[in-house]
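Peer 1: Using the numbering used here, you'd call the opening residue of the sequence shown number 1 and step up by one each time. Backbone N, C-alpha and C fix where the C-beta goes; we use that ideal spot for every residue, glycine too. My questions all concern the structure below.
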Amino acid sequence: MELLEYLLTRFQIYLLAVVRIGGLIATAPPFSYRNVPVQIKVGLTLILGLIVLPMLSTDPAAMPKDAVSYLVLLTRETIVGLLMGYVLLLFFMGVQFSGQLVGLQMGFGIVNVLDPMSSTQISIIGEFQYLIAMLLFLAVRAHHLLIEVLVGTFKWIPVGGVRLPASLGEGLIRISAQVFVTAIKLGAPMIVTLFLTSVALGIVARTVPQMNVFIVGFPLKIAIGLLMLGVSFPFFYYVFGRLLTGVWSDLEGIVGALSP
């Protein structure tokens, strides 16, 4: 009964916390996956809201009385969660794009598979690298750290105290550009190797015109690409860790920009 009264007196504050959490759950992998039941997403959001509620120092009397002002607060809180999830989503998009570049070099440009996470057609190598990256993400318990960062935002950005500075747009553009940086850094060994293979095949085609380079080159590039995919895994793991550290820095920058 006491819990019910407590929730009723702080319901507006609780709802603001819930929409911030829900914004991240809706956009950040792996929580945003379509094969994660909606009931689990909603339940996790509501439970996390209850966990952070005692931490919130916002006075219920300070909540706006009119619906329009409160709706503005709800929108601002939702933006906080969406932006945090967007940063992580861009990181995994970069990983996937890296695999697409490699697959294109290997000759898999038209070989796509259905991604069960997003229900879209993507490169088979892109899907492979994406799954490896997600397994690494879960193995190092980065999803736990993501929730810790989310909970920590309620200390730095009080509920109802979100600000949206003009410089936020520039920061988002810079973070969006990291998709291409991530793709190039992760796929560099394979992209360079396959490029040199193409150059070598071009030289062979000029020096030995009677050889059908297309017939020889197609399986050769696939074999070299798959070999490099396995050999470069330690490099992939190292670069993935470094780039993931940069994601946390970007999240801190977003939180700092939104804090009052």
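So the alpha helix (DSSP H) Met55 belongs to, where does it begin and stop?
Peer 2: What you label residue 55 is simply residue 55 of the sequence shown in a count that begins at 1. Run containing Met55: none; DSSP gives neither H nor E here.
Peer 1: Taking only the alpha-carbon atoms, compute the straight-line gap between Ile175 and Leu258 and give it to the nearest angstrom.
Peer 2: Here residue 175 is taken as the residue at index 175 of the sequence shown, counted from 1. Here residue 258 is taken as the residue at index 258 of the sequence shown, counted from 1. So the alpha carbons of these two residues sit roughly 15 Å apart.
Peer 1: Quick one: Cα of Gln178 to Cα of Leu201, how far?
Peer 2: Counting from 1 along the sequence shown, the entry for residue 178 is found at position 178. Counting from 1 along the sequence shown, the entry for residue 201 is found at position 201. Going by the C-alpha atoms only, they are around 32 Å apart.
Peer 1: Run through DSSP, which three-state label would Gln210 get?
Peer 2: Taking the first residue of the sequence shown as position 1, residue 210 is located at position 210. If DSSP states are grouped into helix, strand and coil, Gln210 belongs with coil.
Peer 1: Tell me the DSSP bridge mates of Gln129?
Peer 2: Here residue 129 is taken as the residue at index 129 of the sequence shown, counted from 1. In DSSP, Gln129 forms no bridge with anything.
Peer 1: Look up Val19 in the DSSP assignment and say whether it is helix, strand or coil.
Peer 2: Along the sequence shown, read from residue 1 onward, the residue named residue 19 stands at position 19. The answer is helix: DSSP assigns Val19 an H, G or I state.
Peer 1: Going by alpha carbons, who is nearest to Gly171 out of Gly103, Leu83, Ser98 and Met190?
Peer 2: What you label residue 171 is simply residue 171 of the sequence shown in a count that begins at 1. The option with the nearest alpha carbon to Gly171 is Leu83.
Peer 1: Classify Ile254 as helix, strand or coil using the three-state DSSP reduction.
Peer 2: As a working note, residue 254 is residue 254 in the sequence shown. In the structure shown, Ile254 sits in a helix (DSSP, three-state: H, G or I).
Peer 1: How about Phe91 and Gly126: are their beta carbons less than 9 Å apart?
Peer 2: Taking the sequence shown and counting its residues from 1, the one referred to as residue 91 is at position 91. Taking the sequence shown and counting its residues from 1, the one referred to as residue 126 is at position 126. No, they are not a contact pair.
Peer 1: Below 9 Å between beta carbons: does that hold for Leu88 and Leu131?
Peer 2: Within the sequence shown, numbered from 1, the residue matching residue 88 stands at position 88. Within the sequence shown, numbered from 1, the residue matching residue 131 stands at position 131. Cβ atoms of Leu88 and Leu131: not closer than 9 Å.
Peer 1: Here's a check: name, in chain order, each residue in its chain whose Cβ is nearer than 6 Å to the Cβ of Met1, leaving out the five neighbours to either side.
Peer 2: As a working note, residue 1 is residue 1 in the sequence shown. Note that Met1 has pLDDT 49, beneath the 50 cutoff, so the model's placement of it is unreliable and no number is given.
Peer 1: Return the residue from the list Leu227, Thr245 and Val255 that minimises the CA-CA distance to Val151.
Peer 2: Numbered from 1 along the sequence shown, position 151 holds the residue referred to as residue 151. The option with the nearest alpha carbon to Val151 is Val255.
Peer 1: Need the endpoints of the alpha helix (DSSP H) that Val68 sits in, please.
Peer 2: Indexing the sequence shown from 1 puts residue 68 at position 68. Val68 -> alpha helix (DSSP H) spans Ala67 to Met106.
Peer 1: Would you call the CB atoms of Glu77 and Val149 closer than 9 Å?
Peer 2: Position 77 of the sequence shown, counting from 1, holds the residue named residue 77. Position 149 of the sequence shown, counting from 1, holds the residue named residue 149. Not in contact: Glu77 and Val149 (Cβ atoms no closer than 9 Å).
Peer 1: Tell me, to the nearest whole angstrom, how far the beta carbon of Gly81 is from that of Leu24; I am working on the premise that it is less than 8 Å.
Peer 2: As a position in the sequence shown, residue 81 is number 81, starting the count at 1. As a position in the sequence shown, residue 24 is number 24, starting the count at 1. Right, the Cβ-Cβ distance comes to about 4 Å (below 8 Å), so this counts as a contact.
Peer 1: If you count every other CB in all the chains shown that lies within 10 Å of the CB of Val159, and 16 or more means buried, which is it?
Peer 2: By one-based count along the sequence shown, residue 159 stands at place 159. By the neighbour-count rule (16 or more Cβ atoms within 10 Å), Val159 is buried.
Peer 1: With a 10 Å radius around its C-beta and 16 neighbouring C-beta atoms as the bar for buried, classify Leu101 as buried or exposed.
Peer 2: Counted from its first residue, the sequence shown places residue 101 at position 101. By the neighbour-count rule (16 or more Cβ atoms within 10 Å), Leu101 is buried.
Peer 1: Assess contact between the segment 13-20 and the segment 59-78, defined as three or more Cβ pairs (one per stretch) separated by less than 8 Å. Is contact present?
Peer 2: Counting Cβ pairs under 8 Å, three or more are found: they touch.
Peer 1: Can you check which of these residues, Ala26, Met55, Pro30 and Asp59, is closest to Val42 by C-alpha distance?
Peer 2: Position 42 of the sequence shown, counted from the first residue, corresponds to residue 42. When each option's Cα is compared against that of Val42, the closest is Ala26.
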